[in-house]
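**Q**
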Amino acid sequence: MGSTDFAIDSQDIRFVVREWLHAEQLSQHSRFESFDADTLDLMLQESEKFSGEVLFPTRKATDREGCRVEDGRVRMPKCLTAPYQQSYELGWGSLTSDPEYGGQGAPVTLGLAVREATVAGSQALTSFFALTSGAARLILSFGAQDLKDRYVPHLLSGRFNGTMCLSEPHAGSDVGASITSAVPTGDGSYHIKGTKCWISNGDADLVENTIHAVLARVEGAPAGTKGLTLFAVPRVHVNDNGSLGDSNDVDVPSIESKMGLHGSPTCVVKFGENDGCIGWPLGGEGQGMPCMFQMMNEARIGTATIGLGIGSLAAQNATAYAKERVQGPHITKSRDPDTPRVPIIEHPAVRFNLLQMRARVEAMRALMFKATFLLDEIATTEDLEVRSAKQNLVDLLTPMCKGWCTEVGLEVVQTGIQVLGGVGYTKDFPMEQFYRDLRVAPIYEGTTDIQALDLVGRKMAKNQGALFVALLQQIGEFLPSLGEHPRLAALGRVFEGYCETLSDLALGAQEVMQIRGIEGVALHATPFLMFCSSVTAGWLLLQQAVVAHDRLEALKREHGIGDLETPEFLKENPQAQFYENKLITTQFFVEAVIPQYEGLMAAAKRRNYDPLDIVF
Amino acid sequence: MQIIVPIKQVPDVALNIKVKDGEIVQEGISWVISSWDETALEAALQLTEEAGGEVTVLSIGTAKVQEALRKALALGAHQALHIQCDSSAGWDSYQVAKVLAKTLADQDYNLIITGKQAQDSDAGLTPTMLAEFLGLPQVTNITAFKDVSDASITLHRKGDDGIEISKMTLPGVVTVNDSLAEPRLASMRGIMMAKKKPMETVDIHSLGLAPEVLQSGGLMTEVVQYEKPDERKEGRRFEGDETETVPEVMQNLKKNIGLFA
Numbered sequence: 033m034g035s036t037d038f039a040i041d042s043q044d045i046r047f048v049v050r051e052w053l054h055a056e057q058l059s060q061h062s063r064f065e066s067f068d069a070d071t072l073d074l075m076l077q078e079s080e081k082f083s084g085e086v087l088f089p090t091r092k093a094t095d096r097e098g099c100r101v102e103d104g105r106v107r108m109p110k111c112l113t114a115p116y117q118q119s120y121e122l123g124w125g126s127l128t129s130d131p132e133y134g135g136q137g138a139p140v141t142l143g144l145a146v147r148e149a150t151v152a153g154s155q156a157l158t159s160f161f162a163l164t165s166g167a168a169r170l171i172l173s174f175g176a177q178d179l180k181d182r183y184v185p186h187l188l189s190g191r192f193n194g195t196m197c198l199s200e201p202h203a204g205s206d207v208g209a210s211i212t213s214a215v216p217t218g219d220g221s222y223h224i225k226g227t228k229c230w231i232s233n234g235d236a237d238l239v240e241n242t243i244h245a246v247l248a249r250v251e252g253a254p255a256g257t258k259g260l261t262l263f264a265v266p267r268v269h270v271n272d273n274g275s276l277g278d279s280n281d282v283d284v285p286s287i288e289s290k291m292g293l294h295g296s297p298t299c300v301v302k303f304g305e306n307d308g309c310i311g312w313p314l315g316g317e318g319q320g321m322p323c324m325f326q327m328m329n330e331a332r333i334g335t336a337t338i339g340l341g342i343g344s345l346a347a348q349n350a351t352a353y354a355k356e357r358v359q360g361p362h363i364t365k366s367r368d369p370d371t372p373r374v375p376i377i378e379h380p381a382v383r384f385n386l387l388q389m390r391a392r393v394e395a396m397r398a399l400m401f402k403a404t405f406l407l408d409e410i411a412t413t414e415d416l417e418v419r420s421a422k423q424n425l426v427d428l429l430t431p432m433c434k435g436w437c438t439e440v441g442l443e444v445v446q447t448g449i450q451v452l453g454g455v456g457y458t459k460d461f462p463m464e465q466f467y468r469d470l471r472v473a474p475i476y477e478g479t480t481d482i483q484a485l486d487l488v489g490r491k492m493a494k495n496q497g498a499l500f501v502a503l504l505q506q507i508g509e510f511l512p513s514l515g516e517h518p519r520l521a522a523l524g525r526v527f528e529g530y531c532e533t534l535s536d537l538a539l540g541a542q543e544v545m546q547i548r549g550i551e552g553v554a555l556h557a558t559p560f561l562m563f564c565s566s567v568t569a570g571w572l573l574l575q576q577a578v579v580a581h582d583r584l585e586a587l588k589r590e591h592g593i594g595d596l597e598t599p600e601f602l603k604e605n606p607q608a609q610f611y612e613n614k615l616i617t618t619q620f621f622v623e624a625v626i627p628q629y630e631g632l633m634a635a636a637k638r639r640n641y642d643p644l645d646i647v648f
Numbered sequence: 625m626q627i628i629v630p631i632k633q634v635p636d637v638a639l640n641i642k643v644k645d646g647e648i649v650q651e652g653i654s655w656v657i658s659s660w661d662e663t664a665l666e667a668a669l670q671l672t673e674e675a676g677g678e679v680t681v682l683s684i685g686t687a688k689v690q691e692a693l694r695k696a697l698a699l700g701a702h703q704a705l706h707i708q709c710d711s712s713a714g715w716d717s718y719q720v721a722k723v724l725a726k727t728l729a730d731q732d733y734n735l736i737i738t739g740k741q742a743q744d745s746d747a748g749l750t751p752t753m754l755a756e757f758l759g760l761p762q763v764t765n766i767t768a769f770k771d772v773s774d775a776s777i778t779l780h781r782k783g784d785d786g787i788e789i790s791k792m793t794l795p796g797v798v799t800v801n802d803s804l805a806e807p808r809l810a811s812m813r814g815i816m817m818a819k820k821k822p823m824e825t826v827d828i829h830s831l832g833l834a835p836e837v838l839q840s841g842g843l844m845t846e847v848v849q850y851e852k853p854d855e856r857k858e859g860r861r862f863e864g865d866e867t868e869t870v871p872e873v874m875q876n877l878k879k880n881i882g883l884f885a
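Sequence lines, in order, name chains A and B. Take 33 as the starting number for the first sequence in my numbering and just add one per residue. Take 625 as the starting number for the second sequence in my numbering and just add one per residue.
#1: Are the C-beta atoms of residue 815 (chain B) and some chain A residue less than 7 Å apart?
#2: Distance cutoff 7 Å, beta carbons only. Does residue 165 (chain A) sit that close to anything in chain B?
#3: If residue 502 (chain A) and residue 421 (chain A) are in contact, beta carbons under 8 Å, what's the gap, nearest whole angstrom?
#4: What is the residue span of the beta strand (DSSP E) that residue 360 (chain A) lies within?
#5: Can you give the Cα-Cα distance for residue 579 (chain A) and residue 159 (chain A), rounded to whole angstroms?
#6: So the candidates are B:861, B:831, B:848 and B:838; which of them puts its Cα closest to the Cα of residue 730 (chain B)?
#7: Which residues of the segment 64-87 of chain A have a Cβ closer than 9 Å to any Cβ of chain B? Give them in chain order.
#8: Using a Cβ-Cβ cut-off of less than 7 Å, give me the residues of the segment 642-654 of chain B that come near chain A, in sequence order.
#9: Assuming residue 215 (chain A) is part of the beta strand (DSSP E), what are its boundary residues?
#10: Strictly below 9 Å CB to CB, what residues from chain B border residue 721 (chain A)?
#11: Does residue 823 (chain B) come out as helix, strand or coil in the three-state DSSP assignment?
#12: Using a Cβ-Cβ cutoff of less than 6 Å, which residues in the same chain neighbour residue 320 (chain A) once the five nearest sequence positions on both sides are dropped?
#13: In whole angstroms, what separates the C-alpha of residue 658 (chain A) from that of residue 257 (chain A)?
#14: Decide if residue 741 (chain B) is buried, meaning its Cβ has at least 16 other Cβ atoms within 10 Å, or exposed.
#15: Less than 7 Å between the beta carbons of residue 193 (chain A) and residue 164 (chain A), yes or no?
#16: Give a yes or no on whether 7 Å exceeds the smallest Cβ distance from residue 607 (chain A) to chain B.
#17: Along the segment 704-733 of chain B, what residues have a CB closer than 7 Å to any CB found in chain A?
#18: Could you pull the start and end residues of the beta strand (DSSP E) that residue 589 (chain A) belongs to?
#19: In the segment 681-696 of chain B, which residues sit with their C-beta less than 9 Å from some C-beta in chain A, listed in chain order?
#20: Extract the residue ranges of the alpha helix (DSSP H) inside the segment 162-229 of chain A, only unbroken runs of 4 or more that lie entirely within it.
#21: Assuming residue 162 (chain A) and residue 334 (chain A) form a contact by the criterion Cβ under 8 Å, report the distance between their Cβ atoms to the nearest whole angstrom.
#22: List the residues of chain B that residue 610 (chain A) touches, going by C-beta distances under 8 Å, in chain order.
#23: Checking 7 Å against the spacing of the C-beta atoms, do residue 394 (chain A) and residue 617 (chain A) come in under that value?
#24: In this structure, what does DSSP give as the bridge partners for residue 874 (chain B)?
#25: Between the segment 352-382 of chain A and chain B, which residues of the former have CB atoms less than 8 Å from a CB of the latter, in chain order?
#26: So, residue 470 (chain A) versus residue 445 (chain A), is the Cβ gap smaller than 7 Å?
#27: How about residue 123 (chain A): is its C-beta nearer than 7 Å to some C-beta of chain B?
#28: Hey, how far is the Cα of residue 736 (chain B) from the Cα of residue 507 (chain A)?
#29: According to the neighbour-count rule (16 or more other Cβ atoms, all chains shown, within 10 Å of its Cβ), is residue 82 (chain A) buried or exposed?
#30: I'd like to confirm the pairing. Which residues does DSSP put opposite residue 655 (chain B) in its beta bridges?
#31: How big is the Cα-Cα spacing for residue 118 (chain A) and residue 599 (chain A)?
#32: What three-state label does DSSP hand residue 779 (chain B) in the structure shown?
#33: Going by the beta-carbon positions, is the gap between residue 779 (chain B) and residue 763 (chain B) smaller than 7 Å?
#34: Just how far apart, CA to CA, sit residue 431 (chain A) and residue 639 (chain A)?
#35: Please confirm whether residue 809 (chain B) has its beta-carbon closer than 7 Å to some beta-carbon of chain A.
#36: Whole angstroms is fine: what's the gap from residue 560 (chain A)'s alpha carbon to residue 635 (chain B)'s?
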């Protein structure tokens with residue numbers, strides 16, 4: 033693997049899926065009976081192969097060619113046509129969707145593993161897979177049977193794509209300000225009229241048709257989000273036999289000119305410019321936002337995957353580059369002019385950066401796989417109380433995944449550019465494109481600040497903080513297991529300190545409310561999200577470290593290796609070295625990375641409200 | 625048409641393989657189907673898609689080789705046959721060919737297709753020995769199939785003076801060159817279906833082979849030990865405008881290698 037090649041950390045993904053989460057056990061439930069250990073292994077292997085061989089070769093050409101509007105259609109980069117078709121032919125495009133309508137019905141844990149690979153291969157096409165699957169699920173959850181039969185099989189076969197249409201020119205994050213209107217026609221459908229913007233994949237000549245999930249206000253409905261209803265609005269009507277009918281008066285007049293992600297057109301979509309656009313309700317009138325949240329929550333996890341997938345690819349590429357690139361003498365011999373130059377991976381500062389990247393990537397992976405595995409557990413658990421507890425944790429983790437992983441992914445890529453130095457800033461290496469492509473992830477599907485408000489204002493406030501207390505309880509129940517641990521006891525004590533700080537900060541929010549009101553809490557919400565997410569990820573990494581330690585000791589016993597022989601054994605045995613690296617990476621994350629996010633809380637700890645007081 | 629494709633599971637050469645005490649360290653190795661065998665399977669699948677029939681994949685080894693067989697089933701093979709043994713490590717081409725020949729002696733088939741050689745040993749001897757032991761005709765290094773029937777097949781292979789075209793009566797053995805076909809990628813549905821396709825496991829000791837064939841005495845060649853090849857020396861990257869880097873490269877070639885001197 034070179035510094036410009038496709039790479040995913042398949043060893044860590046397999047460890048997470050098989051050795052930590054034991055996702056193969058999901059096959060004991062009839063819903064996932066096809067996904068046993070052998071099948072999971074083969075799917076991980078083949079999705080990596082597909083992403084590397086079919087998707088990744090399009091990355092550069094996609095960026096260079098980009099999308100354009102021509103003759104009323106969005107023309108996509110030509111290099112994407114065949115890989116898009118192949119993605120659906122092979123089933124990678126509709127991985128976790130309902131098998132009754134043509135999906136593959138895979139657990140979302142496997143879906144995440146595959147998406148990590150496909151997003152590294154093509155962020156653009158992965159956005160099509162994710163949004164289309166989400167739109168299909170919306171219709172299946174809230175649409176009439178006719179809509180399900182008419183649209184969903186074509187969405188899951190890739191013939192159509194799907195979108196989510198929330199934003200309007202004057203209503204971005206403030207969705208409640210939407211003015212797109214819906215007027216009943218009398219037969220159950222509605223006339224839709226309005227302009228939506230920032231619509232990802234609002235049109236594409238990769239597909240025959242686009243089914244938009246549109247938020248609109250039925251005439252007479254109250255202002256704000258409570259007055260919004262969700263509609264399925266096709267670009268072109270679909271006949272009973274599946275063929276395309278008349279145009280539905282949906283127009284894409286323009287796409288945004290962006291800094292990156294040039295293979296995913298960001299569209300302005302006009303509905304009913306000629307009063308001829310018809311939509312069908314998904315869910316009841318006024319239920320638009322609760323319904324749309326199903327897709328938005330999926331999209332938030334999907335967007336977080338971009339941080340993980342691109343971050344991981346950047347970390348792999350930077351490590352490969354540091355091994356290839358020879359520059360400067362070893363620092364211990366820097367005064368000797370004749371000493372040979374060494375690969376930069378031997379320089380301490382580069383090693384620090386590389387481990388910063390690796391630790392963040394493994395932490396993101398831990399957080400995201402935990403969230404998706406909980407979703408699979410919910411889907412395979414009958415016990416309502418257990419389901420509710422797990423759903424609460426998912427609700428708490430979703431803004432963390434979206435907010436933290438997209439920001440952290442970007443940090444990883446930025447560090448990667450630094451490792452490459454000058455060439456990292458050039459188009460000769462893919463790192464700069466990773467940065468440009470990924471940069472949108474902390475913005476769309478709800479900015480990081482919106483995620484922080486969701487975490488602090490909605491999820492943590494729910495049931496008098498019961499969700500957050502439950503998280504701290506789970507962490508608290510785990511920590512004693514590290515008490516006597518031969519490798520992790522001291523680290524556990526360090527980690528306990530962060531948990532106490534986190535708890536103190538959360539409790540302190542009430543005091544902040546009294547002093548500065550909700551403004552004061554909101555001011556420090558984003559730093560809190562970053563710190564809280566890093567602690568949560570640290571908890572999960574510590575769980576992994578326990579597993580890695582047990583596996584390493586078992587390997588040593590199997591090979592009759594004593595402590596003195598361990599260093600040599602690690603050099604010779606890649607699997608043992610992987611477990612040892614997991615322990616080192618966890619230690620570094622807890623001791624060196626979490627404090628970086630804890631540092632973001634300095635202003636909150638000092639009750640600093642300067643941004644609220646200064647006059648701009 | 626009934627086609628047999630013997631496949632070999634080999635270490636993924638894309639990964640860093642470690643050697644200790646003359647042996648390959650097994651932990652951390654990722655195992656894959658030998659790439660030429662994947663081409664053989666692809667050829668077999670295309671032939672049966674065109675002419676009808678079924679493909680049976682076959683492999684010798686521990687339970688681990690079932691991973692390779694399952695992958696072949698996911699790609700489209702109809703059934704699999706696993707010749708189970710405690711270990712086939714250290715076996716040479718002769719032993720493998722003997723086991724394959726014994727296994728296939730009572731089977732009905734029209735064609736045996738293999739890769740031209742295995743990706744790990746690179747010997748390329750097993751198919752020829754297999755044809756000999758079975759008393760079948762063999763054509764090697766095939767680049768194309770034509771005029772397929774159950775009784776005969778026309779084969780193209782690259783010769784010194786161009787494409788050699790031969791007609792082989794069946795049953796027979798052919799080995800394929802990787803230019804024949806690009807192996808397909810597995811589909812999700814194929815992977816899920818693989819588990820439902822028949823995989824028969826046969827204990828190697830039940831084949832009735834002479835005991836010495838499976839022991840070290842049956843070896844015609846022996847790998848004494850493995851050594852890791854010398855590390856490739858680090859390359860040097862010339863950076864900057866080509867007006868600067870080209871003269872610099874030329875200077876280096878003259879000075880260090882004596883080129884253009």
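Backbone N, C-alpha and C define an ideal beta-carbon position, used for all residues, glycine too.
**A** On the basis of the data shown:
#1: yes
#2: no
#3: 7 Å
#4: 358-361
#5: 34 Å
#6: B:831
#7: 66, 67, 68, 70, 71, 73, 74, 75, 77, 78, 79, 81, 82, 85 and 86
#8: 642, 644, 649, 651 and 652
#9: 213-216
#10: Outside the shown range of chain A (33 to 648) lies residue 721 (chain A), about which nothing can therefore be said.
#11: strand
#12: 247, 260, 261 and 262
#13: This structure does not reach residue 658 (chain A), given that chain A is present from 33 up to 648, and the question cannot be answered.
#14: buried
#15: yes
#16: yes
#17: none
#18: That residue, residue 589 (chain A), is in no beta strand (DSSP E); its alpha helix (DSSP H) goes 557-591.
#19: 690, 691, 694 and 695
#20: 177-188
#21: 4 Å
#22: 652
#23: yes
#24: Partner(s): none; residue 874 (chain B) has no beta bridge.
#25: 356, 357, 358 and 375
#26: yes
#27: yes
#28: 59 Å
#29: buried
#30: B:635
#31: 46 Å
#32: strand
#33: yes
#34: 24 Å
#35: yes
#36: 47 Å
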